[in-house]
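Protein chains: 2
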Amino acid sequence: MARERKIDMVILGLLSHEDLTGYDIKKRIDGAISFFWKGSFGNIYPALKGMENQGLITKNDTSVGGREKTTYHITESGSDALKDWLKEEQASNELKYETLLKLFFGGAESRGVSVHNIEVFEEQIQKDLKVLKKYSEALEKALDVEDHIYYSITASFGIETYEAYLKWCAKAKKMLKQRGGK
Amino acid sequence: MARERKIDMVILGLLSHEDLTGYDIKKRIDGAISFFWKGSFGNIYPALKGMENQGLITKNDTSVGGREKTTYHITESGSDALKDWLKEEQASNELKYETLLKLFFGGAESRGVSVHNIEVFEEQIQKDLKVLKKYSEALEKALDVEDHIYYSITASFGIETYEAYLKWCAKAKKMLKQRGGK
DNA sequence: GCTATTATATATCAAAACGATATATCAAAT
DNA sequence: ATTTGATATATCGTTTTGATATATAATAGC
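Pasting the structure below:
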């Protein structure tokens, strides 16, 4: 019980660097960490409310013209919660790959469908890899290397795995084509 | 709306090979496909009920002594639903890596904690890789190669990615150690 | 033979995440 | 001038997660 809401830690991690609005948080998640984590508005906004009630963050309402905006700031208590989580060694790592699922159960269908599914996946990865490599190169050029080491390491994780995916795509297609199609 | 329940397709995929109970289904998911998909009882049992109502599967109750058992069987309509899903080219592929998350936000903590987190991750992967390789070797020895090609391909995906993870672990640890610790 | 443990089997529940949608303002481009 | 896209917050139904409860059958150890 009293399960830990993972999104809380993501938000606290982001807020430990700078004050942000819910919308900003979504953008950050969609940016640098999107290849190993995701978040939605339906996830972020309730979490912000909950954490404000718990005193982990404080809010600051501003309005520019008719436009409202709520910026969140991490408290000392929130900072402690983040540190506690970082120290815990258990971590859940999981992937949900529908492409693999389709391939695994694809025996019921034609060989061509499986090859096509791999190609669609391959294209997506190639696109993602391109973006990630650009991001990684930009990081290396940045002056404050010490501060960016963790960003580099996570980006390198993405690059390594994406390259492994592409390697597998080539292999898988070859295997499927060699045996002729149904 | 009427969003597609992914677990339905997993269950239909498994039932397309053999009749199974809810418990069996959980075991199958925990087995060969666990490295790219997960399922829980709280997910499986309601899905079975729902699909039975939709006519995608039929149930068969038996009782051995005081023990009750419900075995499910795929219908033609269920088989069609599976085929339709296999043909759709869109597929959601996502990973949630708490280890990466901790590393990314680890700047707030000591360098040693980050290295330790990587080591914990590394050990888990080494363990999983061992299991997967054994499974893969067993597959290659199997006579009915044609039927097992899809199993081989998905297993090879796991091996490729796990090996990429290990490669990254070594690299990441080196990077963190080179720069000395806080 | 007795007992403890593990495997089989189904089920439910609160909390969390997902994904889609709604609403409205502001900035930029056509 | 208008349409498109970015900013900003919010909600809602469905699905998933993870934990827990319950009970029987089989196996292993003493």
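In order, the protein sequence lines correspond to chains S and C.
Each residue of the first sequence is one higher than the last, beginning at 405 in the working numbering.
Each residue of the second sequence is one higher than the last, beginning at 405 in the working numbering.
Think of the CB as a built atom: it goes at the ideal place given N, C-alpha and C, for glycine as much as any other residue.
Just so you know, these numbers come straight off a predicted model, no measurement behind them.
- Contact annotation: the stretch 482 to 501 of chain C touches the stretch 521 to 528 of chain S, with at least three C-beta pairs closer than 8 Å.
- Take residue 431 of chain C, set aside five residues on each side of it, and no residue of its chain has a beta-carbon closer than 6 Å to its own.
- Around the beta carbon of residue 564 of chain C, 16 or more other beta carbons lie within 10 angstroms, which makes this residue buried.
- Exposure of residue 466 of chain C is indicated by the presence of fewer than 16 other C-beta atoms within 10 angstroms of its C-beta.
- With respect to chain S, the C-beta atom of residue 479 of chain C has no partner C-beta closer than 8 Å.
- As the crow flies, the alpha-carbon of residue 414 of chain S is around 7 Å from that of residue 505 of chain C.
- Here residue 412 of chain S is near residue 451 of chain S, since their CB atoms are less than 8 Å apart.
- Close partners of residue 427 of chain C in chain S (Cβ separation under 8 Å) are lacking, with about 20 Å as the shortest Cβ gap.
- For residue 477 of chain C, the enclosing beta strand (DSSP E) starts and ends at 471 to 478.
- C-alpha of residue 448 of chain S to C-alpha of residue 475 of chain C: approximately 41 Å in a straight line.
- Residues of the same chain with a CB within less than 7 Å of the CB of residue 479 of chain C, apart from the 5 flanking positions on each side, are 459, 460, 461 and 462 in chain order.
- When DSSP states are grouped into helix, strand and coil, residue 496 of chain C belongs to the coil group.
- Beta-bridge analysis with DSSP links residue 424 of chain S to S:476.
- At a cut-off of 8 Å between beta carbons, residue 531 of chain C makes no contact with chain S.
- Take residue 577 of chain S, set aside five residues on each side of it, and the residues of its chain with a beta-carbon closer than 7 Å to its own are 519 and 522, in chain order.
- Counting the other Cβ atoms within 10 Å of the Cβ of residue 502 of chain C gives 16 or more, which makes it buried.
- Contact annotation, residue 539 of chain S with residue 568 of chain S: C-beta distance approximately 19 Å; criterion of less than 8 Å not satisfied.
- Among the residues of the stretch 571 to 585 of chain S, those with a Cβ less than 8 Å away from any Cβ of chain C are 571, 572, 575, 576, 579, 580 and 583, in the order of the chain.
- The DSSP-derived three-state label of residue 463 of chain S is strand.
- DSSP lists C:497 as the beta-bridge partner residues of residue 501 of chain S.
- Annotation: Cβ neighbours of residue 506 of chain C in chain S (cutoff 7 Å, chain order): 490 and 495.
- Scanning chain S for C-beta atoms nearer than 8 Å to the C-beta of residue 413 of chain C yields 505 and 509, reported in chain order.
- Against chain S, the CB of residue 444 of chain C has no partner CB under 8 Å away; the residue lies outside that interface.
- Under the Cβ distance rule, residue 420 of chain S counts among the residues neighbouring chain C, one pair being separated by less than 8 Å.
- About 12 Å separates the CB atoms of residue 532 of chain S and residue 440 of chain S; that is not less than 8 Å, and the two are not in contact.
- Inter-residue distance for residue 442 of chain S and residue 427 of chain S is about 14 Å (C-alpha atoms, whole angstroms).
- Our two residues, residue 508 of chain C and residue 530 of chain C, have alpha carbons roughly 22 Å apart in a direct line.
- For the C-beta of residue 408 of chain C, not a single chain S residue is nearer than 9 Å; the gap to the nearest is close to 10 Å.
- Taking CB atoms only, residue 500 of chain C has a neighbour in chain S less than 8 Å away.
- Exclusion of the five residues before and after residue 423 of chain C leaves 475, 476 and 477 as the residues of its chain whose Cβ lies within less than 7 Å of its Cβ.
- Residue 467 of chain S is outside the set of residues whose beta carbon lies under 8 Å from a beta carbon in chain C.
- According to DSSP, residue 468 of chain S shares a beta bridge with S:471.
- Only 553, 554, 555, 556, 557, 558, 560, 561, 564 and 565 from the stretch 552 to 565 of chain C bring a Cβ to less than 8 Å from some Cβ of chain S.
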